[in-house]
Each structure stands twice: as C-alpha cells, then as structure tokens.
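Please read the structure below before turning to the comments.
Residue numbers (the working numbering), protein chains in the order written: chain C, 37 to 605; chain V, 12 to 175.
Written as structure tokens, this is what we have:
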C-alpha cells in the first residue's frame, strides 16, 4: 500500500485482486494466528480508542509480530460499549472485547494471545453471550462491513466483493438494465420520504439536458438530532456509498457528482475524501472507469450548519453558494436541479444499498420486508435504552423487538414511555403501538414516520410537553424564514409550549396549538414546515393529559415532575 | 443585534494575508462563496463586516448576499471565537439526558450566552445540534475533543482544565 497503484482495467482483473487479497488476509494457524482489530469511529475515539490502539500495538510489538495481524476499522455500531477491540483467532469464533482500558488490554493479551483462550473474566461478546443478542436479531446488509474493514484502505473493501456491483453494471448491454433492477427491488429513499428510488432514477434518465450535463448528488446532511446512521456509513464504509453513486451516474448518464456532508462530521469528511482519492488511483473513479469508456468524478461539498439543507432543493442552493432556501416543487431536481440541470439526489444509506442489489439481484433484496417496504433499514437507537447503538433490521420487524430484544430494554429501573422516530419531522409512538411493524405506511398510521432512522427511546422521566417544546424550539430556530406559516407559525407554537411548560398555560392553549399545527402543515412551502407540527400532533394525541396537568396545576416542568417522582416513592 | 453594536477586533497582517490568499484561490470558481467563508472562518475565527465587504468586491457578489449567507449558516460567526471553543450538544439524546442543564450551568459560570465569547477571549460557547455521537450522551466538545457522559457538577472542572 501507499505505492502508486496501477489502475484496474477490467472486471477480471478486479476479481483476481479480490482473490489475492482474500488469501493474503486469511488466518492459517501457522504464521497468521490472530487478527486484532481496533474500532475507530467518532464514538470510539471519544471514548479512548486511540489509547487502546497504542496499548495493543505495544503488546504486539513485544511478541512475535508475524503471528498477529493488526488493523483498525470503523465503528461496530455498539456505541454503549466503546472502546472495543475484536480478536479473531484461527478456527475460532471472533471475540469482541469492550469498555477497554490499558489494564484490560494487558490481561487480554496474556490470556487470549499467549494462553490461546478467550479471556472470560473480561466477559467478551462471543457467540451465545447475552450481549450478542444485540447483533443476533439484526440483518447486516448495508452494515455488512462493520468492524471488519479499514475505511482508509480500499483493498479491504475490494476483498469483500467491493466494486463488483459496478463491474457487473458496466457489463450490461444497456445501462437502463440498472434502473430496471433497482425498480424491481422496491428500494425506497432512505432519507425519510420513502420515494421509490428506481422511479427517481428513471425520471432523471429521461430528463432532457440541453447542455448534456447531469449531476449526481449524495445527501449527507444528516441533520435530524438523534440520527447517526449516515455518519457511521461515511466513516466506516465510504466505498459502498461511492460505488452506489458511480452506478447511479452510469444509469442516468452523468459525469459529475457531489457529496454534500455536514460540517459537524469532520471524520466523515476526512474518510470520504480519502476514499475518493483511492478510488481514482485504482481506476474506479475518474476517466475510463474499469477500462471502459465511462467517466465520472466526485467532489465533496461541506455544509456550514443549517438543518434545512437536508431538504433537497435547499441543499442544491447551498452547493451553488447561496443561502439554503428550499424552492417550490415542481420543478423537481430530476428535471431542474443543480445549476438548472437534471440532478439525481439520494441519501447516503440509499446509495449504500445499490451495489449489493446489482450484485445479488432484485429478488435477493425484496425477499425480506413488508408488502410496501422492502429490504432493511438502519436505525440509530439511543436514549433511555440499555444497548445504545446502530441497528440494521429487516423492514417489518416490530418496534418492540427493536427496543427490547436488540436494545435490551430500558436502562435502570425506569419504565418505557414512548419511542421518538423521525426527529423533528416525526412523532412519538406509545406502548400501545409498539407491535406495529416497521413499514413506511404502518408507522405513518401510528402518527410518526420511519424518517431517516433516528430512534430515541423515552422513559417515564421525560415530560412529553417539554419534548414537544424542545422540537418546536429546534424547528423555529432552523426555519429558513422564507414562508410565513413556518417562520411565524412555529414561533407562535413555541411561545404557547413555553407558556405551558412554565406553568403559565391557559385554558384553550392545547386547542390553539392544534389549530396552528393544522395551518402550518397545510400551507408551508417545504417538507421542513409541512412536518414541523408532527411532534406536537403525536404528543398531544397520546399524552394529552400531560399538557392538561401543566395547565390545570399551573406548575412548571421542574415542580410538576419533582412531585410526581416523590409520589411514586 | 445591530452590526454597529459588534465590537471591533483589529486584524493582524498575517490574517489579512491569509484572507487574500483564500480569495485568490477561489476567485474564478463558481459557487465559491461558502468555501471561501468556511476557510476564512476556520483560519481567523470570525467573519467581520470589513472582510465580508472585501469578499463581495473581489468575488463580484453583492454585499447583502455575502452577509445573507454569513448569517444564515450556524458555522459562521461575526464575533471571534474564544481560544477554547465550547460546544454543548442539544440533540434529542443529549437533551433527554440533561444536556440543557449542562448548557445552563456553563452560561451561568462563564457569564456568556450561546454565540458569545468571554471578554478575555479565553472561552466561547455554542449550542450544537446533534453531532451524531448519541451513544455517549450527554456530550460537550471543546476544540474538537468530545467529552462523553458529562455530569453537570463536573462540567466546569473539564472547562477550567483548559485554563492552564
């Protein structure tokens, strides 16, 4: 690595390289006995994974280096247990050691590496251990490479069939075949709206561009608070996104793409930038991709901190160097997008799905899921749950299974109250609806949205009126100010919610909130405004008595809930 | 706040050189306003009005447009950031785990509101939307270092450890 590579010129060459890499990294029990991987995502690093890496390197250097393969990877997705390290020994199941410190590293090396036995006193996650449930109920498709590839090394991605989807797509006689497969698969946009991906691609392919220019844009402006699926993908498996973007460019006839990544994700920007450069070196991006006549290149565009830029037309305005103000649709970006040209804009997770669908076929993808929602979806499970982390589940799994089987239930002795889905555009789902399957339509019926994947579990300590106020404060602050219902309406709603949570609410305030919410939903210009009242709708619908209690008792959150807790004891 | 209310912070010769270089680098690029503002914000820590005027003139963009963009995005500031930039995350996960109380505590102790800088320019405070490290909630970030599972009673010790 590091040397100038010769460009890969054909699918055959790619497969040959893959096989060589696979052989080179396989454990043989003789020279290569163990493979140790330290997981370095943003959360891991914040928890001290850097120190763990150094400590592990020190231990390795004091032993027979040749028998131990050492590498780093992105995030494993089990945030609650960082920092983590995986040991894979010859002919054994991997053991994941967690919540590590330097002391534990010493012990781990003595027992597992020198002694050849799993260091049970550190209670690693192995097959059958209780924490393994976190992974066992998941279906890792988009996250298949979690914890096993180094995101800074394209060869790791290639070793696990990376860029074979692209190679296959290049061999189709007609590139419209790509769109046919994506349409058949039933994949829907993972950014939140759930628009059929194949349909979007078809519209963009059919769109006429007088200058011949079409753009592909990756929406990496993951702004929903409580959502970190896209950050994780950008940091841990950047090439899967790149490959999806390249395939989409081939399908619609584009030569230029942008990845818009929010400024709050510095590690994601670094990782993705590095991936782009490596892909160019290997001839997988740029001119004559894999020796074909197809040319396509990508540039990163960094956001500057504005939630509304997650809306596609606002995002495109931002790339043009303007304020991120949404535009009325139509025209849709597929016809008139960036600089007025036809533009295909998809979310990070959507692009990450593409290569595998091309490689394994539409049937493989839609064999799991529900009638209207196929494949898997990644959720960022956080809040009052034991196993906080990133989970990928088949569409159709129930919320209850996610919270209690994968999430391990509520932390401490508290009781479950609700799940907040979809961030400021979504809503809260109470206990009574926990058995609905994850499906775009079913979740909507319950008063929320699947959204981009933020899933915050709330326990009895959360005041629902205060939560509604929190989201309204967020939206009011992030409203771009262009249209009146959103700019002024959300402010009025916030004022009422502040009044209520301060114990100064008046009779009729709840009805006023509902009226305002209805008007804002009906008359706002863009998705941000139209969905802004959702958190209020759902909290009033399921937890109306909490709002009423504030108004009747004239008590602020602090006073009301302190008393409630005392009463419980 | 009125523009005229903003305190004036004179720029050093080095800072002016940096600004000129950034503008030169992007002068002929389309849609370059945001990258220009980003690089200048990163290098000198703020975007004073005089600099905005200069950018407008050199990139041939209306001043109001530069001002509009500079005030639209939360990563741009017209007040210099402090030597230690504190960001408190108020994403949903941090919020339900007490992030607001942490933000209140820092405001009270340092005597500044989000978006402001202490008079000695040692600290500046911002509240952040989610940084996507929800598993570690509640978190604060000081100069790009993330502190996880922060307790209200410990937060000032963390902050004052930068005062050395």
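The beta-carbon is built from N, C-alpha and C at its ideal position, and this holds for glycine as well.
Remember, predicted model here, so these are calculated numbers, not experimental data.
Candidates the options: closest to residue i by CA position
i: residue 348 of chain C; options: C:427, C:294 and C:500; result: C:294
i: residue 236 of chain C; options: C:197, C:288, C:494 and C:437; result: C:288
i: residue 384 of chain C; options: C:42, C:445, C:110 and C:269; result: C:269
i: residue 497 of chain C; options: C:532, C:421 and C:477; result: C:421
i: residue 263 of chain C; options: C:113, C:318, C:337 and C:381; result: C:113
i: residue 225 of chain C; options: C:490, C:386, C:477 and C:285; result: C:386
i: residue 77 of chain C; options: V:144, V:99 and V:169; result: V:144
i: residue 282 of chain C; options: C:517, C:573 and C:326; result: C:326
i: residue 64 of chain C; options: C:103, C:544, C:555 and C:335; result: C:103
i: residue 211 of chain C; options: C:329, C:359, C:116 and C:300; result: C:329
i: residue 181 of chain C; options: C:194, C:573 and C:245; result: C:194
i: residue 221 of chain C; options: C:393, C:74, C:581 and C:47; result: C:393
i: residue 474 of chain C; options: C:434, C:251 and C:227; result: C:434
i: residue 108 of chain C; options: C:75, C:489 and C:133; result: C:75
i: residue 219 of chain C; options: C:284, C:170 and C:244; result: C:284
Residues near residue i by beta carbon distance below 7 Å, same chain, minus five either side
i: residue 45 of chain V; result: 80
i: residue 78 of chain V; result: 63
i: residue 596 of chain C; result: 585, 586 and 589
i: residue 167 of chain C; result: 161
i: residue 176 of chain C; result: 182 and 428
i: residue 154 of chain V; result: 95 and 96
i: residue 437 of chain C; result: 173
i: residue 557 of chain C; result: 566 and 569
i: residue 297 of chain C; result: 256, 270, 304, 305, 308, 336, 338 and 339
i: residue 610 of chain C; result: Residue 610 of chain C is absent from the model: chain C starts at 37 and stops at 605.
Cutoff 7 Å: residue i Cβ touching any chain C Cβ
i: residue 153 of chain V; result: no
i: residue 127 of chain V; result: no
i: residue 28 of chain V; result: no
i: residue 51 of chain V; result: no
i: residue 90 of chain V; result: no
i: residue 44 of chain V; result: yes
i: residue 85 of chain V; result: yes
i: residue 136 of chain V; result: no
i: residue 147 of chain V; result: yes
Buried versus exposed, by CB contacts within 10 Å (16 or more), residue i
i: residue 242 of chain C; result: exposed
i: residue 164 of chain C; result: exposed
i: residue 331 of chain C; result: exposed
i: residue 575 of chain C; result: buried
i: residue 2 of chain V; result: Residue 2 of chain V lies beyond the stretch modelled for chain V, which goes from 12 to 175, so this question has no answer here.
i: residue 267 of chain C; result: buried
i: residue 27 of chain V; result: exposed
i: residue 94 of chain C; result: exposed
i: residue 62 of chain C; result: exposed
i: residue 391 of chain C; result: buried
i: residue 31 of chain V; result: exposed
Cβ-Cβ separation, residue j to residue i (assumed contact under 8 Å), whole Å
i: residue 88 of chain C; j: residue 119 of chain C; result: 5 Å
i: residue 23 of chain V; j: residue 52 of chain V; result: That pair is no contact at about 16 Å.
i: residue 273 of chain C; j: residue 425 of chain C; result: Going by Cβ atoms, the distance from residue 273 of chain C to residue 425 of chain C rounds to 16 Å, so no, they are not a contact pair.
i: residue 97 of chain V; j: residue 17 of chain V; result: Their Cβ separation, rounded to whole angstroms, is 21 Å, which puts residue 97 of chain V and residue 17 of chain V out of contact at 8 Å.
i: residue 458 of chain C; j: residue 487 of chain C; result: 3 Å
i: residue 432 of chain C; j: residue 408 of chain C; result: Actually they do not touch by this definition, with Cβ atoms about 10 Å apart.
i: residue 552 of chain C; j: residue 525 of chain C; result: 6 Å
i: residue 197 of chain C; j: residue 54 of chain C; result: 7 Å
Cβ of residue i within 7 Å of any chain V Cβ
i: residue 116 of chain C; result: yes
i: residue 567 of chain C; result: no
i: residue 224 of chain C; result: no
i: residue 341 of chain C; result: yes
i: residue 122 of chain C; result: no
i: residue 76 of chain C; result: no
i: residue 562 of chain C; result: no
i: residue 331 of chain C; result: no
Other residues of its chain near residue i: CB distance less than 6 Å, five sequence neighbours each side excluded
i: residue 492 of chain C; result: 262, 418, 419 and 456
i: residue 125 of chain C; result: 70
i: residue 397 of chain C; result: none
i: residue 137 of chain V; result: 98 and 125
i: residue 546 of chain C; result: 583
i: residue 138 of chain C; result: 91
i: residue 101 of chain V; result: 110 and 138
Within-7 Å CB hit, residue i to chain D
i: residue 261 of chain C; result: As a matter of chain content, chain D is missing from the structure shown, whose protein chains are C and V.
Cβ neighbours of residue i in the same chain (closer than 8 Å, five flanking residues each side left out)
i: residue 129 of chain V; result: 93, 121, 122, 123 and 135
i: residue 499 of chain C; result: 537, 582, 593, 596 and 597
i: residue 143 of chain C; result: 155, 157 and 158
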